Amino acid sequence: MLTLLLFGLAGFLAQLVDGSLGMAFGVTATTTLVATGTAPAVASAAIHLAEVGTSLASGAAHWRLRNIDWRTVGILALPGAVGAVLGAYVLTALSTESASVWIATILLLLGLYVLIRFAFLRLGKLITSKRPGARFLGPLGLLAGFIDASGGGGWGPVATTTLLSSGRLEPRKVVGSVDTSEFIVALAASAGFFFALSTRHQLNYTVVAGLMIGGVVAAPLAAWLVRRLPPRVLGAAAGGMIVLANARTLLSATGAGATITTIAVAAIGVLWVAGVTTAIRSVRQERHVNALAGETGPPGRRDARSARA
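In this note's numbering, the protein residues as written are 42 to 350.
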């Protein structure tokens, strides 16, 4: 019962981040599982099985709030599913030690990207006159799906950030469309892991249930927050946490000494604090600029538009 509650809380927090930013459920939850000693392939399999339920709930919530571009979902999901199956087979083929290093490296890089993007980058406005096409979405889905399954997360960080930077879709529809297409990707990855995992790899279905229940409960709140919550602060906070946790795992796996580990963790801590501080300062500056420009509407919604652009 305690395991169910603890991983229910982990799933709730991970989905709150994912549904608001369009990324980081897998990265956040996999970081938690690997840190508790779960084998990388089993961790990724458990996360994707849980994401079948959380992404379905998230997609339904985004649909009710009209945050979805169905054409984008239709084109993005199928290549994503193919990439996810390939990624599942690659991860299960690696030895446990190699998989630990691989997955920690992928998660650390993704966490660092999220931290830098939301804390330090100056982000411009979107150009929404041209919708993304198949030549753009197909390779994007294939790559994002492969990284997602083989790295225990990455669908959102790759797909959401690429779509946002392309300037071809409204931010809220980017988040809603990526979250909705993730259902197909999670389903395909789960099937891939089901056939690829050997009998010695046993899933803890209590953990899966906890993550799924927590994520489903958080999905409607996250879909509502996507219009109001300043994503800079949430992205910086989540990114720093992911970087710190996976840096420790990577340092331990590579046999780094106590001195090197202490210095690295301290440096990441400083970067994390600086990132969150910068994000808060940026949100305040954006609110001030909006007020001078005479823009109307809830401050959180204005911040979300400007920060996701």
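Note that CB positions come from ideal geometry on N, CA and C, so glycine has one too.
Computed from a prediction, not measured in an experiment: that's the story for all the values here.
- Rounded to the nearest whole angstrom, the C-alpha separation of Leu117 and Trp196 is 11 Å.
- Arg273 is classed as buried because its beta carbon has at least 16 other beta carbons within 10 Å across all chains shown.
- By the beta-carbon neighbour count (other beta carbons within 10 angstroms, threshold 16), Met42 is exposed.
- Counting along the chain, Arg112 sits inside the alpha helix (DSSP H) bounded by residues Trp111 to Ala134.
- Inter-residue distance for Arg176 and Val126 is about 21 Å (C-alpha atoms, whole angstroms).
- Pairing Val75 with Thr290 gives a Cβ-Cβ distance under 8 Å.
- A residue is called buried when at least 16 other Cβ atoms come within 10 angstroms of its Cβ; Tyr246 does not meet this threshold and is exposed.
- In terms of CA proximity to Ala277, Arg158 leads the group Ala230, Thr69, Arg158 and Ala305.
- The beta carbon of Ser191 sits closer than 6 Å to the beta carbons of Gly128, Val131 and Leu132 from its chain, once the five residues preceding and following it are set aside; these are given in chain order.
- For Leu45 and Ala91, the gap between their C-alpha atoms comes out near 13 Å.
- Selection Ala232, Thr221 and Leu238 evaluated against Ala101 yields Thr221 as nearest (Cα-Cα).
- By the neighbour-count criterion, in which a residue is buried when 16 or more other Cβ atoms sit within 10 angstroms of its Cβ, Val314 is exposed.
- Scanning its chain for C-beta atoms nearer than 7 Å, with the 5 sequence neighbours on each side dropped, one finds around Ser323 the residues Arg273, in chain order.
- Sequence-distant Cβ neighbours of Ile88 in its own chain, meaning closer than 8 Å and more than five residues away, are Phe66, Gly67, Ala70, Thr71, Leu74, Gly193, Gly194 and Leu252.
- Shown here, Ala297 sits in coil according to DSSP, grouped into three states, outside any helix or strand.
- Collapsing the DSSP output to three states places Leu238 in coil.
- Counting only runs of at least 4 residues, the region 171-219 fully encloses the following alpha helix (DSSP H) elements, listed from N- to C-terminal order: 175-192 and 196-207.
- Per DSSP, the unbroken alpha helix (DSSP H) holding Ala86 starts and ends at Pro81 to Arg105.
- It is roughly 25 Å from the alpha-carbon of Ile309 to the alpha-carbon of Thr201.
- With at least 16 other beta carbons inside 10 angstroms of its own, Val248 counts as buried.
- Taking 8 Å as the cut-off, the beta carbon of Val155 is found closer than this to the beta carbon of Ile283.
- In the structure shown, Pro261 falls within a helical segment according to DSSP collapsed to helix, strand and coil.
- Looking at the backbone, the Cα of Thr302 and that of Gly52 are separated by about 29 Å.
- With contacts defined as CB atoms closer than 8 Å, Ala160 and Ala55 fail to qualify as a contacting pair.
- Leu151 is not a Cβ neighbour of Pro180, given a cutoff of 8 Å.
- Relative to Ala122, the option among Ala232, Ala294 and Ile254 whose CA is nearest is Ala232.
- About 17 Å separates the beta carbon of Ser139 from that of Phe234, a gap too long to meet the 8 Å contact definition.
- At the C-beta level, Leu228 and Val93 come within 8 Å of one another.
- If you draw a straight line from the Cα of Ala145 to the Cα of Leu119, it comes to about 27 Å.
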